[in-house]
Every structure is written in C-alpha cells, then in structure tokens.
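Quick mapping for you: the protein sequence lines, in order, are chains A, B and C. In terms of numbering that gives the first Met the number 0, the first sequence is residues 0 to 155. In terms of numbering that gives the first Met the number 0, the second sequence is residues 0 to 155. In terms of numbering that gives the first Met the number 0, the third sequence is residues 0 to 155. Remarks on the structure that follows.
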Amino acid sequence: MTLADGALLQRLQVLEDREAIRELIARYGPLADGGNAAGVAALWTENGRYEISGFGSATGHREIAALISGKTHQQLMSDGCAHILGPVSMKIDGDEAVAVGHSLVLRWAGDRFEVARVAANRWELVRTAQGWRVDLRKNALLTGEEAARALLSLPA
Amino acid sequence: MTLADGALLQRLQVLEDREAIRELIARYGPLADGGNAAGVAALWTENGRYEISGFGSATGHREIAALISGKTHQQLMSDGCAHILGPVSMKIDGDEAVAVGHSLVLRWAGDRFEVARVAANRWELVRTAQGWRVDLRKNALLTGEEAARALLSLPA
Amino acid sequence: MTLADGALLQRLQVLEDREAIRELIARYGPLADGGNAAGVAALWTENGRYEISGFGSATGHREIAALISGKTHQQLMSDGCAHILGPVSMKIDGDEAVAVGHSLVLRWAGDRFEVARVAANRWELVRTAQGWRVDLRKNALLTGEEAARALLSLPA
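Pasting the structure below:
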C-alpha cells in the first residue's frame, strides 16, 4: 500500500467512526420507546454507566436494562412517549470519543402531548471489539442549573 | 483495480448510501413545511406508499402530493407548522434499507406553539436508478398503542 | 495517482464536506445553551451574519457573540433553555453550500417546559482556510408567514 492509500484509509476510517457513533446514539430513542431493554443496554459497554441527574444512575447491562423494563418507563410507554434526541456534536480521539447534544421526552397526557423532559447529554464512548459503545452517558434537565449546561461543552 | 481497492470502494459506498438516505429523509420536513407537494412526492418511488395511522394512506406520487396540497396540510401551513424529524437509525441490505425514527408536528396556536403530533416512523427504502427513494413510510401516533411502538424496531 | 483514485478522492471529499457542515451546525445548540459566546461566533465567518426575523440581525463575531452574552439569552439560560435543531438537508456547490432545517427553543417555565420558538432556518456556508463556516444564517418563526416557509427551500 502506498503512503497516499494510508492517508485515504485514515480519512475513510474517521467518517466510518463518526457514522457508527451517530448510529449508536440514534438507536437509543427507538429502542427505548420500543421497550427493547436488552437492545438499550447493549448500546453501553459491559460496565457502562448512565447517570440521570435527579433520578439516579445505572451501571452495567442489567441495571441499564432495568431502567427500560422498570415501572417508570413502562408507565411512560403505556401513556405514550417519545425519547427524541437532537443532533450530536462529536469529537473522536483514537479509541475514545465524546458527543454532546440535547434530548427531549414527549408524553401523551390523554388529550395532548406535553414536553416531559428537556435535557443536556454528554456521551463518552469507546471503541470495543464489537464497535463503538457508550461508556458513560450523563443526562441532566435544562432547568437553569449550571451543571446541566456544563454537560454540553465539547473538549477543544 | 486491486482487491484492497475493491474493499475500500465498498466501504465508501456504504457511507454514501447512508448519507443519501439521511439526506432523503431530512428533506421531508422542509419540503412539507415549504408546501412543495411535488418535491415531497418525489421522495417516494412511483408507486410508493405513505400510511398514516388513523388518517389514511396515499399511494403513488399524485396521492402523496395531494397530502401536501390538500386542505388539512394547507390549513396547518397557514396556521404555522413544523414537521421535525428526530435522528434515524438505519440498516441497509443491498438495494433495500429500513430506517426508523420519531417525528413531531408543532403548530402555532395563535398565541403559543403546541405539539400537535408525536409519531413513530418506519421508512422502507429502495435504491432506484435515480438514487434512494421511499417505498413505504408508516407513521403512527405515540399515544400508548403497541402498534405504534412496533414501528420503531429495526431489523436485526 | 490514477484517474480512478481521483474519482475516489472526490467522493471521499463530498462525504467529508457534508460531515463537516453537519458537525458545524450541530455545534450551535450545545454552544448556545452552554453560554459559549466566542464558540458560537466562531461558527461564522469573520463578517458572517445572523438574521433573526422580528428580532434583528448581527454581523461579525463581536455582534454574534453579543447575542449569547446579552441579556435576553442569559435570562433564557438562567430560566433553563434548549436550542434544538432538526436534521439539515444540504446542497454543496464547490466552496459554497446551503443547508435548510428547523430549530426549536424550549424554555423551562418554572413548572413545565414550553415551546418558546419554532423556526425555519437557511444556512449559507462557505469553505474557508479553517474549514466550513456559516456566512449567513436566516431564522424566522413558523407562525404562518410565507417568508418563513420560503427559507426552507433548497436550491435545485
């Protein structure tokens, strides 16, 4: 392989990595609203963590799956809900990446849809043998707290 | 061309396909809210179908265009509306693809914006001589029904 | 380099351009809601312009930064806010590009989130020595006016 080919492969790899991370994050909403607990958990690494400010945190596939199969989320699904993400801005550094963006939860209130949650998200991702996975997702409501806003800053 | 080139072209093609599908779907909202009936219809194949649960369905360019030029959508545009899609998760299999994701319709109610629709979407796409087109889009309100949630599951 | 390589590089470049523009636009929301005035301004060219229908316009980095550091936006941040963009549809023509899409502003009203703004956006972008930058962003509320809807049409 020539040197030029190497540079070209590197450029292709960057695009593939960004595409894989975008796809991984795009799966969260459909999997969550479809009630696929194992599918949601599998977005994370084995010991990955999901911290939801003011709600608690879940570590590892079993605990993350329980967020979906648990009472709160099942009630939300039965009411009618949508976990919608905004676009993510991301930065990849070798086998690690950070992505930031917003998330919304809409809920059917019986006669109208209400905006149940508006949150900031920071996703810390790692490249594994199975592809990119979430190692840590932090989520915090944008209700005026500086700590939530801080999640939205991407490393320089 | 060497074997390495072939693999490389294949990887490039996958990225181009994903980009083309994302662009196709991203056009729906701006075309619909811009009132471009022919433009919306052209996102579909000639005999493509758009099924809107609880509203009906449209088959082929003429019927799909009529959804935009028709009274309901024109009233919505005149009120002030936004058809906003969430990110899509997609899976391509040769010349066919499936994408899933959420959609929102926001409406100006004269003194405030209201969330008029929150729906699940399943897009079945095919590669045509003119590029990727929608063969079937299914849309259903996320008001608690299992059938709507089922639209969000991506083939394994 | 063979002719085939040239065509391949051209295809790779198109994907990189689209990815760079998507990333640039995806940064707006997190930077704005994180209160990063200089970061928001740096998305634009030196003399870039941001026109917000019914609100005014800002030209150049200093004025664009002032939109973020100014009283209105700081109050919004302190209330709790999210500037969320929909997907963008884009068209690149050499060193220029146009992208269109929706934007939402959600605001915490103390006891619930309200949809404060729903707008149409047209982004005119240029390739600079530092990468793609916004030369003009036009934003107008989708409250029924034709001028706002017109922002959503992409060049053929």
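Backbone N, C-alpha and C define an ideal beta-carbon position, used for all residues, glycine too.
Scanning the segment 11-59 of chain B from its first residue to its last, the whole alpha helix (DSSP H) runs of 4-plus residues come out as 36-40. According to the DSSP secondary-structure assignment, A/M89 is paired through a beta bridge with A/A98.
Residue environment: A/V13 is assigned as exposed (fewer than 16 neighbouring CB atoms within 10 Å of its CB, all protein chains considered). Beta-bridge pairing by DSSP links C/A139 to C/A119.
Pairing A/A155 with B/R126, the inter-Cα distance amounts to about 39 Å. Boundaries of the alpha helix (DSSP H) harbouring B/A146: E145 to A149, taken from the DSSP string. A distance below 8 Å between beta-carbons, with the five flanking residues on each side excluded, links A/A147 to the following residues of its chain, in chain order: S52, A118, A119, A139, L140 and L141.
Assigned with DSSP and collapsed to three states, B/A65 falls in helix.
Contact between the segment 100-118 of chain A and the segment 73-83 of chain C is present: three or more C-beta pairs spanning the two stretches fall below 8 Å.
Here C/R126 is bridged, per DSSP, to C/W131. Between A/L11 and B/L7, the CB-CB gap stays under 8 Å. Here DSSP, grouped into helix, strand and coil, assigns C/L7 to helix. Comparing C-alpha distances from A/L150 to each of A/V133, A/G130, A/W122 and A/Q129 shows the shortest one belongs to A/W122. Among the residues of chain B, those whose CB is under 9 Å from the CB of C/A119 are P29, D32, G33 and A81, following chain order. Looking at the DSSP output, B/L105 bridges to B/A81 and B/V114. Using a Cβ distance threshold of 8 Å, B/R111 and B/W43 do not count as a contacting pair. Among the residues of chain B, those whose CB is under 9 Å from the CB of C/L14 are L11, L14, E15 and E18, following chain order.
Separation of B/H60 and A/S152 (C-alpha to C-alpha, rounded to the nearest whole angstrom) is 44 Å. Secondary structure of C/L75 (DSSP, three-state): helix. Between A/I67 and A/V39, the C-beta gap is smaller than 8 Å, which places the two residues in contact. Contact of C/A25 with chain A is assigned, a C-beta pair being separated by under 8 Å. Using a Cβ distance threshold of 8 Å, A/R26 and B/S102 do not count as a contacting pair.
A residue is called buried when at least 16 other Cβ atoms come within 10 angstroms of its Cβ; C/G5 does not meet this threshold and is exposed. Within chain A, the residues placing a beta-carbon under 8 Å from that of C/V114 are V114, ordered along the chain.
If the five residues before and after B/K137 are omitted, its C-beta is found closer than 6 Å to the C-beta atoms of E50, R121 and L150, all from its own chain and listed in chain order. Taking a Cβ-Cβ threshold of 7 Å, the residues of chain C close to A/L151 are P29, D32 and G33, in chain order. Taking the Cβ atoms as the reference, A/R17 lies roughly 7 Å from A/I91, within the contact range of under 8 Å. For C/L124, the closest alpha carbon among the candidates C/G33, C/S77 and C/A98 is that of C/A98.
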